Structure formats: C-alpha cells, structure tokens
Amino acid sequence: MAVMELVEFSAMTTDLINNLTDDWNLTLTTLAPNRTLNYINVTSELPIEYAQPMYGYVMPFLLLITIVANTLIVVVLSKRHMRTPTNAVLMAMALSDMFTLLFPAPWLFYMYTFGNHYKPLTPVGACYAWAFMNEVIPALFHTASIWLTLALAVQRYIYVCHAPVARTWCTMPRVLKCVAWIAVLATLHQFPRFIDRVYEPLTISWRGQDAVTVCRERFAYWVEHWLSLDVYFTVYFGFRVIFVHMVPCICLVALNVLLFRA
68 MAVMELVEFS AMTTDLINNL TDDWNLTLTT LAPNRTLNYI NVTSELPIEY
118 AQPMYGYVMP FLLLITIVAN TLIVVVLSKR HMRTPTNAVL MAMALSDMFT
168 LLFPAPWLFY MYTFGNHYKP LTPVGACYAW AFMNEVIPAL FHTASIWLTL
218 ALAVQRYIYV CHAPVARTWC TMPRVLKCVA WIAVLATLHQ FPRFIDRVYE
268 PLTISWRGQD AVTVCRERFA YWVEHWLSLD VYFTVYFGFR VIFVHMVPCI
318 CLVALNVLLF RA
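Each residue of the sequence shown is one higher than the last, beginning at 68 in our numbering.
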C-alpha cells in the first residue's frame with residue numbers, strides 16, 4: 068500500500084506540473100522593425116512574472132521530489148520477489164511520470180532558473196530540442212501514464228470482481244504486452260507533433276547586434292497544404308481531449324464505482 072500511495076503522490080505531482088506545461092503553443096510572433104518576422108522567444112510565451120517563479124523556483128523542488136519518489140519505486144519494484152503483474156504496471160507508471168518531468172527540466176532550468184528566457188533560441192537544433200523536450204515528449208509520457216493508470220484500474224477490477232479470469236488475463240506476459248502497446252500507441256499519438264513544424268535560421272538585429280541568428284518557425288508543408296491548420300489541430304486536440312482525458316476519466320470513475328459496490 069505504501070508503494071501505491073507513493074505512486075499516486077508522484078502522479079499527482081507530475082500532473083500538477085504537466086497541466087501547467089502541457090500543450091504549450093510554441094509558435095510565437097515577435098514583431099521586428101518590419102513587423103513580419105516570426106521567431107522563437109520564450110519570454111513571450113507566458114507572463115514572465117508568473118512563469119519564472121513557477122518554473123524557475125518551484126519546479127526544481129517538485130522535480131526533486133518526483134525523481135526521489137519514482138526512483139525509490141523503481142528500485143523497490145524491480146527486486147526479484149516484487150515482480151508481479153500489478154507491480155509491473157506501477158513501475159511503468161513511475162517511469163512515465165519521471166520522464167514527463169525529466170525531459171523538460173534542463174530547458175526550464177536554463178530558461179527560468181538561470182534567467183535566459185529573454186534570449187532568442189539558436190541554433191536550429193536547439194529550437195527542435197526545445198519543442199520536442201518541452202512539449203512533445205512530456206505529452207507522450209503523460210499520455211502513457213494516464214493509460215497505464217486506466218490499465219491498473221482494469222487490472223484491479225478483474226482481480227476483485229472476476230478472480231478466476233485474472234489467472235488468464237493478468238499474467239506477467241500479457242501485462243508486459245499491454246504496457247508495450249500503451250507505449251507504442253502513445254508514441255503514435257504524438258508522432259505527428261515531431262514532424263508538424265520546421266525551423267529555419269534567420270538573421271535579425273537584436274538589442275543593438277546586427278547579425279543575430281534566431282529560429283524562424285513555420286508549419287510543415289503537409290500540415291498547411293495536405294490538411295489545414297484547423298483540421299490538423301482539431302483532430303489532434305479532439306483525440307487528446309476524448310481519448311487521453313475524457314474516456315480514461317469516465318472509465319476510472321465507472322471502475323471505482325463497480326469496485327465499491329463489489
């Protein structure tokens with residue numbers, strides 16, 4: 068029970084930060100003298116008077132708690148005598164929660180803790196890393212964590228309400244396959260976000276410097292011409308709202324009600 072409570076606390080901590088950072092719009096418009104240049108400037112993303120204290124000073128403490136808690140969970144549950152189907156799901160949840168915060172952490176430290184948010188991002192590789200590590204990959208692991216939570220609830224329901232079936236359906240090989248499929252589906256869900264934008268080097272004047280290279284962002288050709296921005300983001304966020312948040316939430320409530328009645 069102590070391990071499961073630690074997992075739930077860690078998940079709550081991860082959700083707190085992830086809800087603040089999830090689905091950031093990284094396409095920022097900074098008006099240059101000709102008022103036509105679009106480039107990445109982190110200061111313009113969020114109100115800096117709130118973002119810097121939250122992500123620069125509060126986040127490191129929450130990150131430390133999450134890393135310690137999830138590391139302890141993984142160490143305990145990875146022991147030979149602790150290898151059970153339930154603990155396999157719990158360990159996967161712990162890793163997903165930890166990676167949700169670990170990937171954006173270096174950028175949050177650099178931008179907000181060390182106060183570099185006002186600087187334009189450069190080179191182009193750094194802009195891709197910022198987008199992937201700060202938005203796409205955390206959303207991937209957060210999605211996996213939510214679906215793993217649902218898998219754990221289904222597993223509990225089977226154990227309690229259909230014990231004979233549990234011997235067939237809740238075996239270690241089946242649970243590991245389920246965890247693997249969740250990882251694959253979460254990756255497929257986020258895959259378009261890895262290729263939906265393109266960053267190009269752009270030279271501008273910035274703070275008295277005449278030749279500063281920044282990252283100009285535009286959407287990929289297939290997003291703008293094969294689909295459209297409206298269709299693409301409607302499908303993406305619609306899927307996310309329904310299958311990542313709404314359906315798992317409804318299923319969790321229903322399963323808990325059934326467990327309570329049992």
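We put the beta carbon where it would ideally sit given N, CA and C, even for glycine.
Quick caveat: nothing in here was measured; it's all calculated off a predicted structure.
Residue interval of the alpha helix (DSSP H) (run including residue i)
| i | result |
| --- | --- |
| Pro240 | Met239 to Ile262 |
| Phe327 | Val314 to Arg328 |
| Gln222 | Ile204 to Cys228 |
| Trp293 | Counting along the chain, Trp293 falls outside any alpha helix (DSSP H), and DSSP gives it neither H nor E. |
| Glu116 | Ile115 to Ala118 |
| Phe128 | Met126 to Leu144 |
| Ala196 | Val191 to Ala198 |
Which of helix, strand or coil DSSP assigns to residue i
| i | result |
| --- | --- |
| Thr280 | strand |
| His181 | With the sequence shown as reference, residue 181 is identified as Phe, and His is not the correct amino acid for it. Coil. |
| Phe170 | coil |
| Ser272 | strand |
| Arg150 | coil |
| Glu267 | strand |
Outcome for residue i when other beta-carbon atoms lying within 10 angstroms are tallied against a minimum of 16
| i | result |
| --- | --- |
| Ile262 | exposed |
| Val320 | exposed |
| Ile309 | exposed |
| Asp164 | buried |
| Pro171 | buried |
| Ile317 | exposed |
| Thr210 | buried |
| Gly305 | exposed |
| Pro173 | exposed |
| Trp293 | exposed |
| Glu202 | buried |
| Pro187 | buried |
| Met160 | buried |
| Leu162 | buried |
| Leu133 | First, the amino acid is wrong: residue 133 is Thr here, not Leu. Burial call: buried. |
| Tyr106 | buried |
Beta-carbon contacts of residue i that lie in its chain and below 6 angstroms, excluding the five residues immediately before and after
| i | result |
| --- | --- |
| Met239 | Pro152 |
| Arg147 | none |
| Thr270 | Ala278 and Thr280 |
| Arg260 | Val203 |
| Val109 | Met178 and His184 |
Own chain residues within Cβ distance below 8 angstroms of residue i, not counting five before or after
| i | result |
| --- | --- |
| Arg102 | Since pLDDT at Arg102 reaches only 36, below the 50 mark, its modelled position is unreliable, and the value read off the structure follows with that caveat. So no residue of the chain qualifies. |
| Leu207 | Ala253, Thr254, His256 and Gln257 |
| Ala118 | Glu112, Tyr179 and His184 |
| Met158 | Ile140, Val141, Leu144 and Ser145 |
| Ala329 | Val227 and Cys228 |
| Leu296 | Phe286 and Val290 |
Sequence-distant residues of its chain with Cβ nearer than 7 angstroms to residue i (five each side left out)
| i | result |
| --- | --- |
| Phe327 | none |
| Ala233 | Ile225 and Tyr226 |
| Tyr122 | Leu175 and Tyr179 |
| Ile204 | Phe170 |
| Arg223 | Leu326 |
| Ile249 | Ala211, Trp214, Leu215 and Ala218 |
Contact test: residue i Cβ vs the ligand SAH heavy atom, cutoff 8 angstroms
| i | result |
| --- | --- |
| Gln276 | This structure lacks the ligand SAH, and indeed carries no ligand of any kind. |
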